[in-house]
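Q: Note that the protein sequences, when read in sequence, are chains A and B. The first sequence begins at 0 in numbering that gives the first Met the number 0 and counts up one residue at a time. The second sequence begins at 0 in numbering that gives the first Met the number 0 and counts up one residue at a time. The structure follows.
There are 2 protein chains.
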Amino acid sequence: MDEPPKGRRSVRADGARTRAAILHAAARLASVDGLEGLTIGRLAADLTMSKSGLYAHFGSKVELQLATIEEAAGVFAAEVVGPALAAQPGRGQLLALCDAYLDYLRARTFPGGCFFAAAALEMGSRPGPVRDRIAAFQHELMGITSGFVHAAHQHGDLLDDSPVALAFEINGQFLAANAGFNLTDDPGVLDLAAMILHRRLDAPTAGSITGSPT
Amino acid sequence: MDEPPKGRRSVRADGARTRAAILHAAARLASVDGLEGLTIGRLAADLTMSKSGLYAHFGSKVELQLATIEEAAGVFAAEVVGPALAAQPGRGQLLALCDAYLDYLRARTFPGGCFFAAAALEMGSRPGPVRDRIAAFQHELMGITSGFVHAAHQHGDLLDDSPVALAFEINGQFLAANAGFNLTDDPGVLDLAAMILHRRLDAPTAGSITGSPT
DNA sequence: CCTACCGATCGGTAGG
DNA sequence: CCTACCGATCGGTAGG
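And the structure:
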C-alpha cells in the first residue's frame with residue numbers, strides 16, 4: 000500500500016483550488032454587501048467551511064479584502080479590458096471598451112453590479128490600504144482609457160481635446176449605466192448608455208474605420 | 000413656585016430638536032459608512048446619548064434609515080435643486096443645476112461625498128423599503144433634470160434629442176465627479192467635470208440667453 | 001482544514 | 001430620555 004505522489008493531488012494544488020473558490024465567492028458577495036459588509040462568517044457559511052479555515056488562507060480581513068480585489072481585477076481584465084485590447088487602435092477600440100463594459104454589466108458578472116464602481120464609492124472616504132488599491136485600479140483604468148483615446152487620435156480616427164477629459168466622460172457613463180441598471184433592473188438603461196457613448200464617439204472624420212490595409 | 004408653560008420649552012419642541020440633531024449626524028455618518036454601515040451604537044456614541052434614547056425616536060433601524068434619507072433629501076433640495084429652480088428656464092438653468100451639484104460636492108456638504116450617489120450604489124442590489132426610497136429619489140432627480148432640458152428646448156436655448164438621454168448623461172458626470180473627488184481629494188476633478196458639462200451644454204444656437212426682456 | 005473559545009459590538013427590548 | 005439586559009454575529013486566536 001504505497002502512496003504514489005500522483006495518487007492524491009498535491010496539498011499545494013488543493014490549497015490553491017480552495018483559495019480560488021473562496022475568492023470567487025468573496026468577490027460576488029462583496030459586490031452586493033460591499034468590501035466592508037463582506038464578513039468572514041457569512042463567507043464561510045456560503046462555502047460550508049469554518050471561519051478558521053478562511054484564516055488559514057488569509058490572515059486578516061484586510062488581506063482577504065485585498066485578495067478579493069485582485070480576483071475582481073482579474074475578472075475585469077478578462078471581461079472588459081481584454082476585448083478592447085484585442086481591437087485595432089482607433090475609434091473602434093474605444094467602442095469595444097464601452098460595449099465590453101456594458102456587456103459585463105448585462106451579464107451580471109458580479110451579482111451586485113460592477114465590483115469596482117461599488118468599491119470606489121464605498122471606500123472613497125475610508126483611508127487605508129483597501130481604498131488605496133481601489134484608487135490605483137481606478138487610476139489604471141483611466142490610464143488605459145485615455146491611452147485608447149490617444150491612440151485613436153494618432154490613428155486619425157477621432158477628433159477631441161484632452162484624452163483625460165474624454166476618459167472621464169466615458170467613465171461617467173459607465174457609472175450611470177451601472178447605477179441605473181442596478182436600481183431599475185431594466186436593460187434599457189444599458190441600451191441608452193450604449194447609444195449615448197456611440198453617439199459621443201461618432202468621429203467627425205468618420206469613414207476611415209473600414210479602410211485599414213493589411 | 001408655579002411652572003409657567005413658557006418657563007420650559009415644550010417637550011414636543013425639545014423632542015423635535017433632538018430628532019433634528021440625530022438626523023443631521025446620521026446623514027453625515029451614513030455618507031461615509033453607508034446606510035447599512037450606519038449603526039445605532041456609533042450614532043448614539045457620536046451624540047453622547049444612549050441607544051435606547053434613539054429607539055425612542057425611531058422604532059427600528061429601517062425607520063432610522065428612512066428618516067435619514069428624508070433629512071438628506073432636504074439638504075439636497077436646498078443645496079442643489081433650489082438654486083436651479085431659482086434660475087430662468089433655459090440652458091442657464093441646466094448649468095445652474097450642474098454648478099450647484101459640483102459646489103455641493105466641493106463644500107463637502109456630507110463628509111463622505113454625495114449621500115445619494117453612495118446610497119444608490121450601496122442599496123442597488125438590496126431589495127427593501129430603503130432601496131425603494133433611494134430609487135424613487137433618483138427617479139425624481141432624473142425627472143427634474145429632464146424637465147429642465149425640456150424647458151430649455153421650449154426656450155429655444157438648447158438643441159438636443161431626448162431629455163431623458165441628456166439627463167442620463169449629466170447624471171453620469173455627477174457620478175464621475177463624486178467618485179473621482181472622493182478617491183483623489185483633488186478639486187481639479189470638479190473643475191474637469193464643470194468644463195465637460197459646460198462644453199456639453201454649449202448651445203449650437205447660443206446668444207439667445209442674454210436677450211430676455213423685462 | 002477543524003473545534004472551541006475570546007471580547008466587542010450588533011439590533012432590539014423591558015421597565016422605568 | 002435612562003440602565004440593564006437579550007441572543008446573534010463580528011474579527012480574531014489557541015491548539016490541534
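Beta carbons are placed, not taken as given, at the ideal position from N, Cα and C, and that holds for glycine. A quick note: this is a predicted structure, and the numbers were derived from the prediction, not measured.
Is there a C-beta anywhere in chain A that falls below 7 Å from the one on B/V148?
A: The residue given as residue 148 of chain B occupies position 149 in the second sequence. No, because no Cβ of chain A sits closer than 7 Å to the Cβ of B/V148.
Q: Could you tell me whether any Cβ in chain A is nearer than 7 Å to the Cβ of B/E168?
A: By 1-based counting over the second sequence, the position of residue 168 of chain B is 169. Yes, B/E168 counts as interfacial toward chain A.
Q: Is the Cβ-Cβ distance between B/L182 and A/A44 less than 7 Å?
A: Taking the first residue of the second sequence as 1, we reach residue 182 of chain B at position 183. Taking the first residue of the first sequence as 1, we reach residue 44 of chain A at position 45. No.
Q: Less than 8 Å between the CB atoms is what I'm expecting for B/G123 and A/G112, so what's the real figure, rounded?
A: Within the second sequence, residue 123 of chain B is the residue found at index 124, counting from 1. Within the first sequence, residue 112 of chain A is the residue found at index 113, counting from 1. That pair is a contact at about 6 Å.
Q: Between B/E62, B/G127 and B/A76, which lies nearest to B/L96 when the distance is taken from Cα to Cα?
A: As a first step, residue 96 of chain B is located in the second sequence; it is residue number 97 there, counting from the start. The shortest Cα separation from B/L96 among B/E62, B/G127 and B/A76 belongs to B/A76.
Q: Give the list of continuous alpha helix (DSSP H) stretches no shorter than 4 residues that lie fully inside the segment 46–96 of chain B.
A: 50–56, 60–75 and 81–85
Q: Below 8 Å on C-beta distance, what does A/M194 contact in chain B?
A: Position 195 of the first sequence holds residue 194 of chain A. Those within 8 Å of A/M194 in chain B are A164.
Q: State the DSSP-derived secondary structure class of A/L22, mapped to helix, strand or coil.
A: Here residue 22 of chain A is taken as the residue at index 23 of the first sequence, counted from 1. Residue state, collapsed to three classes: helix.
Q: Touch check for the segment 21–37 of chain B and the segment 59–74 of chain B: three-plus C-beta pairs under 8 Å?
A: As far as the Cβ criterion goes, the segment 21–37 of chain B touches the segment 59–74 of chain B, which means the pair count is three or higher.
Q: Going by beta-carbon coordinates alone, are B/G73 and B/D156 separated by less than 7 Å?
A: Position 74 of the second sequence, counting from 1, holds the residue named residue 73 of chain B. Position 157 of the second sequence, counting from 1, holds the residue named residue 156 of chain B. Contact flag unset, no.
Q: Using alpha carbons as the reference points, say which of B/I195, B/A29, B/A99 and B/L101 lies closest to B/V129.
A: Indexing the second sequence from 1 puts residue 129 of chain B at position 130. Cα-wise, what sits closest to B/V129 is B/A29.
Q: Check A/F180 in the structure and name its three-state DSSP category.
A: The count along the first sequence starts at 1 and reaches residue 180 of chain A at position 181. Looking at A/F180 - three-state DSSP - the assignment turns out to be helix.
Q: State yes or no: is the C-beta of B/F167 within less than 7 Å of the C-beta of A/L191?
A: Your numbering for residue 167 of chain B matches position 168 in the second sequence. Your numbering for residue 191 of chain A matches position 192 in the first sequence. The answer is yes: Cβ separation under 7 Å.
Q: Going by other Cβ atoms of all chains shown within 10 Å of its Cβ, with 16 needed for buried, is B/E70 buried or exposed?
A: Position 71 of the second sequence, counting from 1, holds the residue named residue 70 of chain B. Classification of B/E70: buried, given that the 10 Å Cβ count is 16 or more.
Q: In three-state terms, what does DSSP make of B/H149?
A: Stepping through the second sequence from its first residue, residue 149 of chain B is reached at position 150. If DSSP states are grouped into helix, strand and coil, B/H149 belongs with the helices.
Q: Residues in the segment 98–120 of chain A with C-beta within 8 Å of chain B's C-beta atoms, listed in sequence order?
A: Within the segment 98–120 of chain A, the qualifying residues are P110, G111, G112, A116, A117, A119 and L120.
Q: From the DSSP output, in three-state form, read off B/D190 for me.
A: Indexing the second sequence from 1 puts residue 190 of chain B at position 191. Correct three-state label for B/D190: helix.
Q: Would you identify the three-state DSSP class for A/T109, choosing helix, strand or coil?
A: Taking the first residue of the first sequence as 1, we reach residue 109 of chain A at position 110. Looking at the sequence itself, residue 109 of chain A is Phe, so the reference to Thr does not match. DSSP places A/F109 in coil when its eight states are reduced to three.
Q: If we define contact as Cβ-Cβ less than 7 Å, is A/I208 a contact residue for chain B?
A: Counted from its first residue, the first sequence places residue 208 of chain A at position 209. Note that A/I208 scores a pLDDT of 40, beneath 50, so its modelled location is shaky; the value from the coordinates is reported in the next line. No, no contact with chain B.
Q: Which stretch, first to last residue, makes up the alpha helix (DSSP H) that contains B/L120?
A: Looking up residue 120 of chain B in the second sequence gives position 121. Its alpha helix (DSSP H) spans residues F114 to M122.
Q: Checking 7 Å against the spacing of the C-beta atoms, do A/H149 and A/P162 come in under that value?
A: On the first sequence, position 150 is the one that residue 149 of chain A refers to. On the first sequence, position 163 is the one that residue 162 of chain A refers to. Against a cut-off of 7 Å, the Cβ pair of A/P162 and A/H149 comes out as a contact.
Q: Determine, using beta carbons only, whether B/E187 comes closer than 7 Å to chain A.
A: Position 188 of the second sequence, counted from the first residue, corresponds to residue 187 of chain B. It should be pointed out that residue 187 of chain B corresponds to Gly in this sequence rather than to Glu. Chain A contact via Cβ: absent.
Q: Alpha carbon to alpha carbon, how far is A/D98 from A/G187? Give it in angstroms, no decimals.
A: What you label residue 187 of chain A is simply residue 188 of the first sequence in a count that begins at 1. What you label residue 98 of chain A is simply residue 99 of the first sequence in a count that begins at 1. So the two alpha carbons sit approximately 14 Å from each other.
Q: Pull up the CB-CB distance for A/A116 and A/L165, whole angstroms please, since I reckon it's below 8 Å.
A: In the first sequence, the residue the question calls residue 116 of chain A occupies position 117. In the first sequence, the residue the question calls residue 165 of chain A occupies position 166. Not quite, the Cβ-Cβ distance comes to about 19 Å (not below 8 Å), so this is no contact.
Q: In this structure, how does DSSP classify A/R125 when only helix, strand and coil are distinguished?
A: The sequence position of residue 125 of chain A within the first sequence is 126, counting from 1. If DSSP states are grouped into helix, strand and coil, A/R125 belongs with coil.
Q: What is the C-beta distance between B/L200 and B/L42, in whole angstroms, given that I count them as a contact (C-beta under 8 Å)?
A: Here the question's residue 200 of chain B lines up with position 201 in the second sequence. Here the question's residue 42 of chain B lines up with position 43 in the second sequence. So it is not a contact: roughly 40 Å between Cβ atoms.
Q: CA-CA distance, A/S49 and A/I21?
A: Position 50 of the first sequence holds residue 49 of chain A. Position 22 of the first sequence holds residue 21 of chain A. Answer to the nearest angstrom: the Cα atoms are 12 Å apart.
Q: Contact check, B/A151 vs B/Q137 under 8 Å by CB: the rounded distance?
A: Numbered from its first residue, the second sequence carries residue 151 of chain B at position 152. Numbered from its first residue, the second sequence carries residue 137 of chain B at position 138. With a Cβ gap of about 21 Å, B/A151 and B/Q137 do not count as contacting.
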